[in-house]
Each structure stands twice: as structure tokens, then as C-alpha cells.
Amino acid sequence: VQQMATGRWALDLHDDDIYWCTADPGWVTGTSYGMLAPWTNGVTQLIYEGGFGASRWYEQIQKHKVTVWYTAPTAIRMLMKAGEKVPERFNLSSLRYMCSVGEPLNPEAVVWGDDVFGMPFHDNWWQTETGAIMCANYPSMEVRPGSMGRPIPGVQLAIVDEDFNEVPDGEDGSLVVKPGWPSMFHGYWNNAEMYNSRFRKGWYITGDTARKDSDGYFWFVGRADDVINTAGHLVGPFEV
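Put into C-alpha cells, the structure is as follows:
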């Protein structure tokens, strides 16, 4: 249910689309959005078993007339490294919507997508534990480069401090989610203690740090356990 709904809302899938999710099917993205989302929305999907290569990927889009493309920020940066001359050799006019997930998408990649494809990449956020997209840059909303967008309808996100009080807009804190969506995980294999530690005061603790701006956009900062202490300030690697 959650994959079907978010496939429509966040990925803008329609039954006449040709959809390509580049994630390996062994990863949760490949399962949730390489199989479940397109299947439940009646969407034709491209299954590509070859390795990465800028020309090979562009060739797939051209050959199969891909309309919606869901990929990872690392892959986008590798395409950027290959240069803007490579996509000029292919007809990519079938593309109408592009999304990314898996790690923070740097603002330069969003701008690059707009320059090369005539449209930005719409980044979104979720985890294996959530099972489906929780926060997204929707098709209808302004994409703010570097932001992971706004919560999915029915999903409540918050930025809290150590006492689980919501912090003011613009301040970093722990990203938490109110449990209850259909795709939510039910445990860690043989580790009930870890599972129970992820919930407090009615919130699921994602382990990510983020901030929210005054317009309700969420911005990823880093993992709570992956910070650099410099001159007395805790800085996430993504900010560096």
C-alpha cells in the first residue's frame, strides 16, 4: 500500500510510463521501488542487468524511451564526471521526471540535472526501516537544491533535541518519525534490544540529523553517530 501510494505521489508514476529504477533488486530500493511500486501502479519498468557506464545508461533511456528515472546520488555524480558532451549524443527527450535516493544529493547535482536534462532531480528520503518514502520533493513543488523535500501525506516528521522537544526552524537536531505507516519495520533479526532502543516518547528515532526550514522543507545533515568535532562544533561529513 505505502509503495503504491508513494510511487504515485513522490515518483509521479502513471500507467503509461516507462520507468527505470537503477537500484540492485537485492537492496530495499530495488524491492520497494524496483518492483512493488511499479507493479502496484501498473507501470512498465526497465530491468537492466549491465554495469554502470554513462553511455550505456543513456543508451537505455534512449532505446526504451524511459519517462521516469529513479537513481542514486553517487550515480548522478559519476554521470557528471563523464561530462555534458556524453548525453548530447543521445535522444533523451522521453524523460519527464527524475528522482534520487540513497544518500544526500548535493545542490550542484540538482542544478546539473536542470542544465543537462532540462529538469532537476527530485531527491527524497527514507530508510530500510521505513520501507517506503517518507519525505520527498513532489512533482508540483519547487525543488530547493540540497533539500529532501516535505513529508509524505499522513507521515509526521520532526526535528528534536536530546529531551525530544522540537527545535526551532533552522536548527539541527535528531530526525524522528511518528510510527504507524503500513510499510514500517517490525524488528531487527534476533535483536529486540536494538529495535526497542529506536523508539522513545512515541517517535521512531531514525539516527539521522537534519533541520527544517520555515517552509517545511527538511534538510539532511548527517548520521547522528557520524560527525566531526572541529573547533568545538559538530559537523556532518555531508556539510564538509
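Positions in the sequence shown are counted from 1; adding 405 to them yields the numbering used here. The beta carbon of each residue, even a glycine, is placed where N, CA and C say it ideally should be. Computed from a predicted structure; not experimentally measured.
Continuous beta strand (DSSP E) assignments of at least 3 residues falling wholly in the stretch 569-627: Here the runs fully enclosed are 578-582, 608-617.
Integer-rounded CB distance, given that ALA629 should sit under 8 Å from SER579: In the sequence shown, counting from the first residue as 1, residue 579 sits at position 174. In the sequence shown, counting from the first residue as 1, residue 629 sits at position 224. Between SER579 and ALA629 a beta carbon distance of about 6 Å is seen, short of the 8 Å cut, so the two are scored as contacting.
Nearest-angstrom Cα separation, counted from ALA428 out to VAL473: The residue given as residue 473 occupies position 68 in the sequence shown. The residue given as residue 428 occupies position 23 in the sequence shown. Straight-line Cα distance between these residues: approximately 14 Å.
For TYR424: DSSP bridge partner residues: In the sequence shown, counting from the first residue as 1, residue 424 sits at position 19. BP columns for TYR424 point to GLN450, VAL473.
Exposed unless 16 or more other CB atoms sit within 10 angstroms - verdict on SER552: In the sequence shown, residue 552 corresponds to position 147, counting from 1. So SER552 counts as buried.
Reduced DSSP secondary structure (H/G/I, E/B, other) of TYR438: In the sequence shown, counting from the first residue as 1, residue 438 sits at position 33. DSSP places TYR438 in helix when its eight states are reduced to three.
Backbone secondary structure at LEU416 - three-state DSSP: Walking along the sequence shown from the start, residue 416 turns up at place 11. Note: LEU416 maps to coil in three-state DSSP.
First through last residue of the alpha helix (DSSP H) which encompasses MET650: Absent from the model: residue 650. The displayed extent of the chain is 406 to 645, so no value can be given.
For LEU733, the three-state DSSP class (helix, strand or coil): The structure shown has nothing for residue 733, since the chain only spans 406 to 645.
Nearest to ARG605 (by Cα), restricted to the options PHE625, ALA615, PRO584, TYR593: Sequence index remark: in the sequence shown, residue 605 carries index 200 (1-based). Considering only alpha carbons, the answer is PRO584.
Own chain residues within Cβ distance below 7 Å of ARG413, not counting five before or after: Numbered from 1 along the sequence shown, position 8 holds the residue referred to as residue 413. ASN446, listed in sequence order.
Inter-stretch contact at 8 Å, needing at least 3 Cβ pairs: the stretch 480-495 / the stretch 453-467: With a cut-off of 8 Å, the stretch 453-467 and the stretch 480-495 count as touching, because enough Cβ pairs lie within range.
Where the beta strand (DSSP E) containing ASP566 begins and where it ends: Against the sequence shown, residue 566 aligns to sequence position 161. Note, ASP566: premise wrong, no beta strand (DSSP E); not H, not E.
Neighbourhood of MET599 by C-beta, 8 Å cutoff - its chain only, sequence neighbours within 5 removed: As a working mapping, residue 599 is identified with position 194 in the sequence shown. Counting only Cβ-Cβ distances below 8 Å, and skipping sequence neighbours, we find TYR593.
Cα-Cα separation, LEU639 to GLY627: Against the sequence shown, residue 639 aligns to sequence position 234. Against the sequence shown, residue 627 aligns to sequence position 222. The pLDDT assigned to LEU639 is 46, lower than 50, so where the model puts this residue is not dependable; a value taken from the coordinates is nonetheless given after this. In a straight line, the C-alpha of LEU639 is about 10 Å away from that of GLY627.
GLY458 - DSSP class collapsed to helix/strand/coil: Working through the sequence shown from its first residue, we reach residue 458 at position 53. It is coil, neither helix nor strand.
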